[in-house]
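Read the structure below first, then the notes.
Number of protein chains: 2
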Amino acid sequence: MDAAEFRRRGKEMVDLIADYLENIEQRPVYPDVEPGYLRSLIPEEAPEEPDTYEDVVKDIERVIMPGVTHWHSPYFYAYFPTANSFPAMLADMLSGAIGCIGFSWAASPACTELETVMMDWLGKMLKLPEDFIAGTHGQGGGVIQGTASEATLVALLAARSRAVRMILASDPQRPETGITSKLVAYSSDQAHCSVERAGMIAGVRMKKIPTEQSDKYAVQGETLRRMIQEDKAAGLIPFYFCATLGTTPSCAFDHITELGPICNAEKIWMHIDAAYAGSSFICPEFRPLLNGIEFADSFNFNPHKWLLVNFDCSTMWVRKRSDLIGAFKMDPLYLKHDHQESGRYFYTDNSLFRSLKMWFVFRMYGLKGLQDYIRKHVELAKEFESLVRADQRFEISADVVLGLVCFRLKGSNEVNETLLKRINNGRKIHLVPCQLSGQFVLRFAVCARTTESRHIREAWRLITQLAEEVMQDVTKLKVRM
Amino acid sequence: MDAAEFRRRGKEMVDLIADYLENIEQRPVYPDVEPGYLRSLIPEEAPEEPDTYEDVVKDIERVIMPGVTHWHSPYFYAYFPTANSFPAMLADMLSGAIGCIGFSWAASPACTELETVMMDWLGKMLKLPEDFIAGTHGQGGGVIQGTASEATLVALLAARSRAVRMILASDPQRPETGITSKLVAYSSDQAHCSVERAGMIAGVRMKKIPTEQSDKYAVQGETLRRMIQEDKAAGLIPFYFCATLGTTPSCAFDHITELGPICNAEKIWMHIDAAYAGSSFICPEFRPLLNGIEFADSFNFNPHKWLLVNFDCSTMWVRKRSDLIGAFKMDPLYLKHDHQESGRYFYTDNSLFRSLKMWFVFRMYGLKGLQDYIRKHVELAKEFESLVRADQRFEISADVVLGLVCFRLKGSNEVNETLLKRINNGRKIHLVPCQLSGQFVLRFAVCARTTESRHIREAWRLITQLAEEVMQDVTKLKVRM
Ligand SMILES: Cc1ncc(COP(=O)(O)O)c(C=O)c1O
Ligand SMILES: Cc1ncc(COP(=O)(O)O)c(C=O)c1O
Numbered sequence: 003m004d005a006a007e008f009r010r011r012g013k014e015m016v017d018l019i020a021d022y023l024e025n026i027e028q029r030p031v032y033p034d035v036e037p038g039y040l041r042s043l044i045p046e047e048a049p050e051e052p053d054t055y056e057d058v059v060k061d062i063e064r065v066i067m068p069g070v071t072h073w074h075s076p077y078f079y080a081y082f083p084t085a086n087s088f089p090a091m092l093a094d095m096l097s098g099a100i101g102c103i104g105f106s107w108a109a110s111p112a113c114t115e116l117e118t119v120m121m122d123w124l125g126k127m128l129k130l131p132e133d134f135i136a137g138t139h140g141q142g143g144g145v146i147q148g149t150a151s152e153a154t155l156v157a158l159l160a161a162r163s164r165a166v167r168m169i170l171a172s173d174p175q176r177p178e179t180g181i182t183s184k185l186v187a188y189s190s191d192q193a194h195c196s197v198e199r200a201g202m203i204a205g206v207r208m209k210k211i212p213t214e215q216s217d218k219y220a221v222q223g224e225t226l227r228r229m230i231q232e233d234k235a236a237g238l239i240p241f242y243f244c245a246t247l248g249t250t251p252s253c254a255f256d257h258i259t260e261l262g263p264i265c266n267a268e269k270i271w272m273h274i275d276a277a278y279a280g281s282s283f284i285c286p287e288f289r290p291l292l293n294g295i296e297f298a299d300s301f302n303f304n305p306h307k308w309l310l311v312n313f314d315c316s317t318m319w320v321r322k323r324s325d326l327i328g329a330f331k332m333d334p335l336y337l338k339h340d341h342q343e344s345g346r347y348f349y350t351d352n353s354l355f356r357s358l359k360m361w362f363v364f365r366m367y368g369l370k371g372l373q374d375y376i377r378k379h380v381e382l383a384k385e386f387e388s389l390v391r392a393d394q395r396f397e398i399s400a401d402v403v404l405g406l407v408c409f410r411l412k413g414s415n416e417v418n419e420t421l422l423k424r425i426n427n428g429r430k431i432h433l434v435p436c437q438l439s440g441q442f443v444l445r446f447a448v449c450a451r452t453t454e455s456r457h458i459r460e461a462w463r464l465i466t467q468l469a470e471e472v473m474q475d476v477t478k479l480k481v482r483m
Numbered sequence: 003m004d005a006a007e008f009r010r011r012g013k014e015m016v017d018l019i020a021d022y023l024e025n026i027e028q029r030p031v032y033p034d035v036e037p038g039y040l041r042s043l044i045p046e047e048a049p050e051e052p053d054t055y056e057d058v059v060k061d062i063e064r065v066i067m068p069g070v071t072h073w074h075s076p077y078f079y080a081y082f083p084t085a086n087s088f089p090a091m092l093a094d095m096l097s098g099a100i101g102c103i104g105f106s107w108a109a110s111p112a113c114t115e116l117e118t119v120m121m122d123w124l125g126k127m128l129k130l131p132e133d134f135i136a137g138t139h140g141q142g143g144g145v146i147q148g149t150a151s152e153a154t155l156v157a158l159l160a161a162r163s164r165a166v167r168m169i170l171a172s173d174p175q176r177p178e179t180g181i182t183s184k185l186v187a188y189s190s191d192q193a194h195c196s197v198e199r200a201g202m203i204a205g206v207r208m209k210k211i212p213t214e215q216s217d218k219y220a221v222q223g224e225t226l227r228r229m230i231q232e233d234k235a236a237g238l239i240p241f242y243f244c245a246t247l248g249t250t251p252s253c254a255f256d257h258i259t260e261l262g263p264i265c266n267a268e269k270i271w272m273h274i275d276a277a278y279a280g281s282s283f284i285c286p287e288f289r290p291l292l293n294g295i296e297f298a299d300s301f302n303f304n305p306h307k308w309l310l311v312n313f314d315c316s317t318m319w320v321r322k323r324s325d326l327i328g329a330f331k332m333d334p335l336y337l338k339h340d341h342q343e344s345g346r347y348f349y350t351d352n353s354l355f356r357s358l359k360m361w362f363v364f365r366m367y368g369l370k371g372l373q374d375y376i377r378k379h380v381e382l383a384k385e386f387e388s389l390v391r392a393d394q395r396f397e398i399s400a401d402v403v404l405g406l407v408c409f410r411l412k413g414s415n416e417v418n419e420t421l422l423k424r425i426n427n428g429r430k431i432h433l434v435p436c437q438l439s440g441q442f443v444l445r446f447a448v449c450a451r452t453t454e455s456r457h458i459r460e461a462w463r464l465i466t467q468l469a470e471e472v473m474q475d476v477t478k479l480k481v482r483m
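Keeping their order, the protein sequence lines are chains F and Y.
Heads up, the first sequence is in my numbering, so the first residue is 3 and it goes up one at a time.
Heads up, the second sequence is in my numbering, so the first residue is 3 and it goes up one at a time.
This is how it looks when you write it as structure tokens:
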């Protein structure tokens with residue numbers, strides 16, 4: 003395929019994409035296929051001679067679409083959103099064509115530099131403390147990571163390296179081996195599973211801090227303080243705390259204004275994971291949720307979740323870039339260049355031109371457009387919450403702060419499991435569950451860019467209709483017994 | 003921007019991309035900007051109200067292009083190639099629109115399944131042993147990682163977890179803490195810097211195995227065996243060896259037919275990093291370089307380097323998927339689903355629909371087209387090698403096996419450094435150096451898809467012209483002294 007053919011095929015693909023997204027709500031949101039469905043639809047080996055492009059395109063509907071979970075359908079309410087916008091897609095097209103690998107400044111100066119400036123733009127939208135803004139002379143700054151999971155790990159590794167350095171500085175006789183096995187990290191029992199995995203990877207203890215429904219599933223300062231004291235008494239070295247703002251199960255918020263000072267006093271690295279909720283902090287009315295950021299060493303959230311920047315774009319800020327440089331830097335000759343210090347200074351050396359899509363999105367929406375977008379999703383969630391609250395058979399399981407509503411039928415876990423199964427088997431809307439205080443709970447997350455009030459009401463109509471059926475079946479069963 | 007406007011803008015972007023790639027050789031391959039150049043060209047904050055799309059597009063030439071290192075220019079000979087092809091770009095457009103996040107089978111069955119099948123297709127093109135092919139019942143199989151660095155780390159972590167399990171199984175009384183500090187991993191002193199970094203992240207010793215020019219910079223079985231014995235005698239536990247096929251400095255090949263049996267006998271996990279060279283193994287004439295794969299536990303290379311699949315696409319195969327599942331699996335309720343075991347079973351849970359671009363590329367080129375592409379690059383490298391060999395002032399510094407030529411002026415490191423500086427300051431062609439046995443060496447890697455013989459000859463003309471100048475300056479300097 004040469005450039006001339008690409009011009010033609012590219013334009014067809016633009017139309018195919020626009021058609022797909024314009025008509026997405028006609029498709030079943032959740033696919034009706036069995037594991038292994040795809041293998042039998044295509045050959046067992048790559049062709050020797052080229053296929054025609056027509057055949058490849060035909061196979062999109064024949065092979066791919068039947069197995070796609072349509073994350074951008076306005077009937078998709080599962081997990082958390084993943085972003086999708088036209089400006090981001092245009093930027094990604096350009097990024098793919100430039101196709102530079104940004105592992106150092108010299109490898110593509112524009113790539114490194116736009117990233118730093120876009121991270122400053124976004125940091126200012128969030129009203130982050132000055133310390134996190136790179137500017138021309140700052141010690142801190144931001145970098146794009148692939149995912150929040152990666153950011154959590156990077157922060158943990160930087161914290162581990164800082165802790166080992168501090169311990170050796172205060173006790174130069176101490177052997178370095180063995181320190182890691184004394185280190186202990188903390189996070190909420192509501193934290194994302196990637197936090198626990200980061201602990202496994204780094205080879206350190208990761209303790210889960212218990213939370214309570216009565217505290218709205220937020221980590222309490224008192225609990226953290228007690229665990230730290232106990233661990234220190236047992237000869238362990240607390241060094242890292244991952245706070246969550248907007249937990250995965252119920253969008254709960256740890257009290258970082260209370261937790262931050264404890265971490266600072268104990269020289270514990272506080273990382274903040276706000277993967278989903280972070281985008282909302284660009285709105286003044288949600289910004290208070292980030293109060294306490296001034297105590298953090300690092301902060302991360304995913305514009306690729308809720309800020310219209312397509313995957314992958316997870317934005318991480320650190321107070322001191324040198325903490326990361328110290329933890330990861332490698333200098334082989336083939337990567338050396340004249341402007342060494344201006345390169346990317348973080349773990350993920352390689353990246354495409356991911357800042358391009360931030361630039362396109364921020365400019366094409368403007369701050370106001372982005373704020374409107376967040377507000378609309380929160381309003382839709384509130385609308386859904388009202389529908390649930392108005393129905394005596396249901397209950398709300400956690401405070402609705404942003405775009406997530408946790409709810410359930412008053413009744414057993416089994417009844418709720420059955421309800422969810424029927425919802426998903428209907429394939430008209432898609433939800434996933436969570437567990438809160440031993441209860442099986444349904445999560446309703448407003449996800450798609452194009453979700454409107456009518457979709458929310460249709461979803462609720464379907465849910466109540468299926469709930470009716472489930473409850474009738476339960477009654478029949480009881481009568482029969 | 004709505005779908006209608008995207009149709010228009012998307013088509014304009016397709017033309018912009020085609021224009022860029024068709025005319026890329028007119029641009030200086032290496033940018034002439036100072037660090038910090040970009041910040042002053044754009045506002046300090048995101049706009050409140052949207053900018054116009056026209057303004058954004060205008061800024062591509064004004065702000066971005068002056069700072070781009072043009073990796074796809076036929077005059078780009080630095081690092082190793084990064085792939086760029088039209089079919090891959092089309093697939094990426096579609097992938098961005100579908101925008102599903104493939105962290106489990108249910109999150110998008112097509113995404114998980116096409117990946118497994120494409121990894122089988124590619125595994126068969128490489129004639130990998132059956133053990134690495136998933137098929138419908140295999141224990142092994144392939145998965146796409148973001149980068150080779152990630153694959154090396156994933157393999158190391160799986161190896162660490164297997165080693166700890168084996169040690170505890172043979173000695174259940176032994177305390178788990180402390181085992182890691184006894185583990186020792188190995189790689190060549192020619193290995194990519196990401197191998198050393200993987201060791202830092204995993205918190206294990208990573209020993210560099212010395213190599214010699216006389217052995218063509220390949221790790222020798224004898225050396226590995228001796229180091230293992232010494233380490234065991236010192237109470238350490240050897241558990242991981244990362245072999246390199248096609249090293250970054252000079253494209254050297256470790257002797258895995260000799261090293262593999264040693265690793266197997268010692269129950270050491272052998273990972274093979276063939277980041278660049280791996281693509282060539284689809285050609286029967288280069289496949290012998292992979293002999294010894296039958297001893298490996300895992301194998302990885304980057305189609306996003308040399309197989310026309312745009313970044314990111316690093317393909318990793320393991321003999322036993324369960325080794326990875328054991329090392330990374332996490333099961334929160336919000337990720338549980340009916341077909342749990344069919345999900346992705348690896349560390350990098352999140353990904354876009356990266357297999358789509360493999361599918362498009364393999365079908366649009368066919369195996370023959372891909373082989374032709376590899377062969378053409380190798381021929382161009384041989385052509386460059388001949389030009390160097392025909393010139394008495396130069397020498398070849400390492401065997402030319404694939405698309406990389408390491409060469410230098412006979413003379414001091416300083417002279418060669420000066421030559422390279424002038425080459426890059428000319429901005430017409432771009433190369434990076436490496437160090438081989440204390441010598442400063444120039445690396446000439448055939449990179450772009452559109453590189454032809456005429457570009458190679460032009461590059462050589464420029465190099466010899468600059469060499470002439472450098473040598474005259476050196477002579478003048480000597481005369482003056
Ligand atoms: C609180 C939280 N942290 C981390 C993650 C993981 O994000 P990523 O997929 O970018 O690693 C999620 C995903 O939903 C999340 O909700
Ligand atoms: C041998 C080798 N391994 C690993 C890498 C790193 O690859 P990646 O950028 O995909 O992490 C390279 C890059 O050139 C390489 O040459």
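Glycine is no exception: its CB is placed at the ideal position from the N, C-alpha and C atoms.
A quick note: this is a predicted structure, and the numbers were derived from the prediction, not measured.
Here the distance from the Cβ of residue 144 of chain F to the nearest heavy atom of ligand 1 is not below 7 Å. Under the DSSP definition of a beta bridge, residue 445 of chain Y partners with Y:408 and Y:434. At a cut-off of 8 Å between C-beta atoms, residue 110 of chain Y counts as an interface residue with respect to chain F.
The beta carbon of residue 76 of chain F lies closer than 6 Å to those of 27, 450, 452, 453 and 457 in the same chain, with the five residues before and after it left out. Within the same chain, and ignoring the five residues on either side of residue 161 of chain Y in sequence, the residues whose Cβ sits closer than 6 Å to its Cβ are 241, 242 and 271.
Residue pairing for residue 207 of chain F: DSSP places it in a beta bridge opposite F:186. In the three-state reduction of the DSSP assignment, residue 243 of chain F falls in the strand class. In the structure shown, residue 428 of chain F adopts helical secondary structure according to DSSP, grouped into three states. Within the chosen limit of 7 Å, ligand 1 does not reach the beta carbon of residue 81 of chain Y with any heavy atom. Counting along the chain, residue 273 of chain F sits inside no alpha helix (DSSP H); it lies in the beta strand (DSSP E) bounded by residues 271-275.
Look at the beta carbons and you see the stretch 3-12 of chain Y not touching the stretch 413-426 of chain F: under three pairs across the two are nearer than 8 Å. For residue 304 of chain F, the secondary structure class from DSSP, reduced to helix, strand or coil, is coil. Interface with chain Y (8 Å Cβ-Cβ cutoff): residue 318 of chain F is excluded. The beta carbons of residue 466 of chain Y and residue 374 of chain Y sit no closer together than 8 Å. Taking C-beta atoms under 8 Å as the contact rule, residue 256 of chain F and residue 245 of chain F qualify, at a distance of about 4 Å. Checking the DSSP bridge columns, you'll see residue 197 of chain Y has no partner listed.
DSSP places residue 368 of chain Y inside the alpha helix (DSSP H), whose first and last residues are 357-391. In this structure the stretch 177-184 of chain F does not touch the stretch 285-301 of chain F; the number of beta carbon pairs closer than 8 Å is below three. For residue 94 of chain F, same chain residues with a beta-carbon under 7 Å away, outside a window of 5 residues either side, are 312 and 359 in chain order. Cβ-Cβ separation between residue 253 of chain F and residue 404 of chain F: approximately 6 Å, consistent with a contact (criterion under 8 Å). Between the C-alpha atoms of residue 248 of chain F and residue 279 of chain F there is a straight-line separation of about 5 Å. If you draw a straight line from the Cα of residue 85 of chain Y to the Cα of residue 455 of chain Y, it comes to about 19 Å. Secondary structure note for residue 146 of chain F: it is in no alpha helix (DSSP H), and the uninterrupted beta strand (DSSP E) holding it is 143-147. With a cutoff of 8 Å on beta-carbon distance, residue 12 of chain F and residue 130 of chain Y are scored as not near each other. In the DSSP annotation of this structure, the continuous segment of the alpha helix (DSSP H) that includes residue 154 of chain F starts and ends at 150-172. Using a C-beta cut-off of 8 Å, the stretch 62-75 of chain F makes contact with the stretch 98-110 of chain Y, since at least three inter-stretch Cβ pairs fall below that distance. Between ligand 1 and the CB of residue 273 of chain F, the shortest heavy atom gap is not smaller than 7 Å. Under the criterion of beta carbons closer than 8 Å, residue 426 of chain Y and residue 32 of chain Y qualify as touching, at roughly 6 Å. Going by beta carbons, residue 147 of chain Y and residue 318 of chain Y fall inside the 8 Å limit.
Residue pairing by DSSP puts residue 320 of chain F in a beta bridge opposite F:143 and F:300.
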